[in-house]
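Reviewing the structure listed below.
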Amino acid sequence: MTLEDAADMIKRHEGLRGRVYLDTEGVPTGGWGHAFHVGSELPFDVCLKLFNHDFGVALSDAEFIKEKFSLDLDGVREGVLIDMAFQLGRAKLMEFKNMIAALIVEDYDEAAKQILNSKAARQCPSRYKELAVLMRRGEIY
């Protein structure tokens, strides 16, 4: 058996899963049986692929919100929305109803206050302080 044959056999036995699932031992697993053990190393190229995928999802989520609420955001404020979508996901970002309401009327001071008045800001204070400043100013400082 060649190494290629062995690899093909393992792939056949494992089966390709495009989503993370818990294997029979309760270990998060994905791809062709790749176990995501806590503390295990992820190669940089894998990290970059995961980031690029997640960034694309965040872009799509931010665009959805912009279109749904007819938001006209400059690049900096759109970047804030993308960052929040990346961390929170679309569903959680949609819960920022008061921030979105402020964005609709272009009240960026209020939108910044709403960013800070959140569980996310309490969990990641430096990140959300920066996002609030960017939302308020509309420029990178």
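Here the sequence shown is numbered in the numbering used here, starting from 1178 and rising by one per residue. Glycine residues also receive a C-beta, built at the ideal position from the N, C-alpha and C atoms.
query = Under a three-way DSSP split, which group does valine 1234 fall into?
reply = helix
inquiry  = Residues in the same chain with beta-carbon distance under 8 angstroms from leucine 1265, minus the five sequence neighbours each way, listed in chain order, please.
reply    = Ala1297
task = State the Cα-Cα distance for the pair alanine 1268 and alanine 1184, rounded to the nearest angstrom.
result = 39 angstroms
message = Starting from valine 1282, trace the alpha helix (DSSP H) in both directions and tell me its first and last residue.
response = Premise fails: valine 1282 is in no alpha helix (DSSP H) and is neither H nor E.
Tryptophan 1209 beta carbon less than 8 angstroms from that of leucine 1193 = yes
message = Determine whether the beta carbon atoms of alanine 1235 and alanine 1262 lie at a separation below 8 angstroms.
response = yes
request  = Check whether the Cβ atoms of glutamine 1291 and methionine 1271 lie closer than 8 angstroms to each other.
outcome  = no
key: proline 1220, DSSP secondary structure in three states   = coil
query = Over what stretch of residues does the beta strand (DSSP E) that includes valine 1215 continue unbroken?
reply = Careful: valine 1215 lies outside any beta strand (DSSP E) and carries neither H nor E.
query = Do you know whose CA, among Gly1207, Met1186, Ile1317, lies nearest valine 1197's CA?
reply = Gly1207
ask   = Okay, do the stretch 1278–1288 and the stretch 1237–1257 touch, 3+ Cβ pairs below 8 angstroms being the bar?
value = yes
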